[in-house]
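Below is one structure; the comments refer to it alone.
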Amino acid sequence: MADVVVIGAGNAALCAALSAAEQGASVTVLERAPKEQRGGNSAFSGGAFRVTYDGVEDLKRLIPDLSETEIANTDFGTYTEETYFNDLARLSEYHMDPDLAEILTTQSLEVAEWMSNRGVRFVPIYGRQAYKVDGRFKFWGGLTIEASGGGRGLMDSLFAAVEKAGVNVLYGARATGLRQDGSTVTGIEAIQDGKSLTLEAGAVILASGGFHANAEWRARYLGKDWDLTKVRGSRFNTGDGIAMALEAGAMPYGHWSGCHSVAYEVNAPEFGELDLLSQQKNSFPLGIIVNKRGKRFYDEGADFRNYNYSSLGAAILAQPEAVAWQIFDQKVVPNLSEEYRIKQVTKVEADTLAELAEKLAGDNPAEFLAELERYNAGVSSNVPFNPNVKDGRRTEGLEPPKSNWANRLDTPPYVAFGVTCGITFTYGGVRINGDGRVMTPEGNALPGLYATGELAGGLYYKNYPGGAGLMSGSVFGRRSGRHAAAYCS
Numbered sequence: 003m004a005d006v007v008v009i010g011a012g013n014a015a016l017c018a019a020l021s022a023a024e025q026g027a028s029v030t031v032l033e034r035a036p037k038e039q040r041g042g043n044s045a046f047s048g049g050a051f052r053v054t055y056d057g058v059e060d061l062k063r064l065i066p067d068l069s070e071t072e073i074a075n076t077d078f079g080t081y082t083e084e085t086y087f088n089d090l091a092r093l094s095e096y097h098m099d100p101d102l103a104e105i106l107t108t109q110s111l112e113v114a115e116w117m118s119n120r121g122v123r124f125v126p127i128y129g130r131q132a133y134k135v136d137g138r139f140k141f142w143g144g145l146t147i148e149a150s151g152g153g154r155g156l157m158d159s160l161f162a163a164v165e166k167a168g169v170n171v172l173y174g175a176r177a178t179g180l181r182q183d184g185s186t187v188t189g190i191e192a193i194q195d196g197k198s199l200t201l202e203a204g205a206v207i208l209a210s211g212g213f214h215a216n217a218e219w220r221a222r223y224l225g226k227d228w229d230l231t232k233v234r235g236s237r238f239n240t241g242d243g244i245a246m247a248l249e250a251g252a253m254p255y256g257h258w259s260g261c262h263s264v265a266y267e268v269n270a271p272e273f274g275e276l277d278l279l280s281q282q283k284n285s286f287p288l289g290i291i292v293n294k295r296g297k298r299f300y301d302e303g304a305d306f307r308n309y310n311y312s313s314l315g316a317a318i319l320a321q322p323e324a325v326a327w328q329i330f331d332q333k334v335v336p337n338l339s340e341e342y343r344i345k346q347v348t349k350v351e352a353d354t355l356a357e358l359a360e361k362l363a364g365d366n367p368a369e370f371l372a373e374l375e376r377y378n379a380g381v382s383s384n385v386p387f388n389p390n391v392k393d394g395r396r397t398e399g400l401e402p403p404k405s406n407w408a409n410r411l412d413t414p415p416y417v418a419f420g421v422t423c424g425i426t427f428t429y430g431g432v433r434i435n436g437d438g439r440v441m442t443p444e445g446n447a448l449p450g451l452y453a454t455g456e457l458a459g460g461l462y463y464k465n466y467p468g469g470a471g472l473m474s475g476s477v478f479g480r481r482s483g484r485h486a487a488a489y490c491s
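Here it is, written out as structure tokens:
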């Protein structure tokens, strides 16, 4: 028997396990994946954390080795609790749970510092979130730090921390159901190495992710053709924890027909692979996006990429054959993120727009070329281009417009990258309160049951601010672990 059993072994799960262990609880973690594929969706992430800070002194609490040269050459700006809360509200179209959002925004800096003190090394996201203009970097979009080594580096650090804290991790162990005495959760049923396993527990924390890797659930809840999309992250997140919680009496909560989906390498594998990361393509605001018929269908400059990249995948899925091309010229190619420079990309290059249209358009190169020329003619160049701010450099008379960062395609060679829809995680799950306790439709907490991470609904609807997922998993993971340990004592 363990005081606390945690289902899952991603960032949220291990923050919960570490927090519970620090309160003196004995903790067992069940990881469905084998050890070499451990870490859940978090291991597949870029490791970015959206955290509040009032200036560089706050960032130095998280990045103690931040150099004086970096400070002198960088405008880090600020990201306040109010701005964070408003971003969550705006992007969810004001559906998000305000109580959960307030906890996330007010505790993000504290929890990130807690993680830093336990071995997670944070660094500035220079490669993805800051452009150098006039000799100085400037961070944009409220996203400034990432775990060193990305998602895999994050998870290696957290596994080291929980192992040091005496947490027992069982690999290849798939939880199949909750044990209950009435409504009180008393343990779990699982299968490990083909054998049944029963674990009694004082409390159970569900942290096994959403249902993005379950094609049947995607079709059922997200809609037509979502069963065809590629899975960006872990193949093991199939909704097991959600199903167990609902069967135990939990309230469904969140945006069940919504998800985080990105522009993703068109020839990527069906499921994410830890040795083949960087398959998403997020520098789209610097160029244009067209479908296979050569038509633009998306305002590439509507917002900073980390405020709208998570809805682009759905827009691509709705296009013919669920395929699109991101097109750039040499004025912006040096600013493309590193994910465009890996070997495993579908890339087409041409010296003229007509040649590019011939290579990309199949049966309608004339229409394809006409669309590129319409775009070029629509660009208004009376505003200077500045990728660090919403520069207002836009198109006129086009539908959809490009609202910022609009440059004519006029500097060859031109490059195009083939993308499709890649799903990252789903927004629907179960309802929790601020302590991570799983709630019933009647508004009661299920005794002994907690949840955190992607299977806890209520924060994300419609859209998502980049870096909030890992940060919320850490915040509510820590809270659920602390409260689950207190419940057992």
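For the sequence shown, our numbering gives the first residue as 3, with consecutive numbering after it.
Glycine residues also receive a C-beta, built at the ideal position from the N, C-alpha and C atoms.
To which residues does DSSP link residue i through a beta bridge?
i: Thr397; result: Val381
i: Arg439; result: Tyr452
i: Phe330; result: Val417
i: Tyr463; result: Asn465
i: Val264; result: Gly424
i: His257; result: Tyr429
i: Gln182; result: Val187
i: Tyr173; result: Glu33
For residue i, does the count of other Cβ atoms within 10 angstroms reach 16, so buried, or fall short, so exposed?
i: Asp365; result: exposed
i: Ala320; result: exposed
i: Lys294; result: buried
i: Pro287; result: buried
i: Ala22; result: buried
i: Val29; result: buried
i: Asn409; result: buried
i: Pro467; result: buried
i: Val391; result: exposed
i: Gly296; result: buried
i: Asn88; result: exposed
i: Gly129; result: exposed
i: Arg138; result: exposed
i: Ser69; result: exposed
i: Thr107; result: buried
i: Ala175; result: buried
i: Asn75; result: exposed
i: Ser476; result: buried
i: His384; result: At residue 384 the sequence reads Asn, which differs from the His that was named. Its Cβ having fewer than 16 others within 10 Å, Asn384 is exposed.
i: Thr178; result: exposed
i: Pro100; result: exposed
Which whole-angstrom value is the C-beta distance of residue i and residue j, which I expect to be below 8 Å?
i: Ser155; j: Gly49; result: Per the sequence shown, the amino acid found at residue 155 is Gly instead of Ser. Rounded, the Cβ-Cβ distance is 6 Å, consistent with contact.
i: Gly469; j: Arg52; result: 3 Å
i: Gly438; j: Arg481; result: 5 Å
i: Trp407; j: Pro386; result: Between Pro386 and Trp407 the Cβ distance is about 11 Å, and since that is not below 8 Å, they are no contact.
i: Gly424; j: Gln332; result: Not quite, the Cβ-Cβ distance comes to about 27 Å (not below 8 Å), so this is no contact.
i: Ala304; j: Ser405; result: 5 Å
i: Leu224; j: Cys261; result: 6 Å
Given a cut-off of 9 Å, decide if residue j and residue i are closer than it, judged by their beta-carbon atoms.
i: Leu145; j: Gln131; result: yes
i: Asn308; j: Asn284; result: yes
i: Leu472; j: Tyr416; result: no
i: Gly42; j: Ala15; result: yes
i: Trp228; j: Gly430; result: no
i: Leu208; j: Gly189; result: no
i: Arg34; j: Phe238; result: yes
i: Lys464; j: Ser313; result: yes
i: Val31; j: Val187; result: no
i: Val292; j: Phe370; result: yes
i: Glu351; j: Ala418; result: yes
i: Ser210; j: Gly460; result: no
i: Leu248; j: Val432; result: yes
i: Ala163; j: Val122; result: yes
i: Gly241; j: Leu448; result: no
i: Thr54; j: Glu24; result: no
i: Ala27; j: Ala11; result: no
Tell me the residue span of the beta strand (DSSP E) that contains residue i.
i: Ala4; result: Ala4 to Ile9
i: Asn500; result: Because the chain is modelled from 3 through 491, residue 500 falls outside the range shown and cannot be assessed.
i: Gln282; result: Where Gln282 is concerned, there is no enclosing beta strand (DSSP E), given that its DSSP letter is neither H nor E.
i: Ser198; result: Lys197 to Leu208
i: Val29; result: Val29 to Glu33
i: Asn13; result: Asn13 -> not in any beta strand (DSSP E); alpha helix (DSSP H) instead, spanning Asn13 to Glu24.
i: Tyr133; result: Ala132 to Val135
i: Pro403; result: It is not in any beta strand (DSSP E) - Pro403 carries neither H nor E in the DSSP assignment.
i: Lys349; result: Lys349 to Ala352
List the endpoints of the continuous alpha helix (DSSP H) containing residue i.
i: Thr80; result: Taken as a continuous stretch (DSSP letters only), Thr80 belongs to no alpha helix (DSSP H), as it is neither H nor E.
i: Val58; result: Val58 to Leu64
i: Val477; result: Ala470 to Cys490
i: Lys166; result: Gly152 to Lys166
i: Gly243; result: Asp242 to Ala250
Cβ of residue i within 8 Å of any heavy atom in the ligand GDP?
i: Phe139; result: This structure simply doesn't include the ligand GDP, nor any ligand for that matter.
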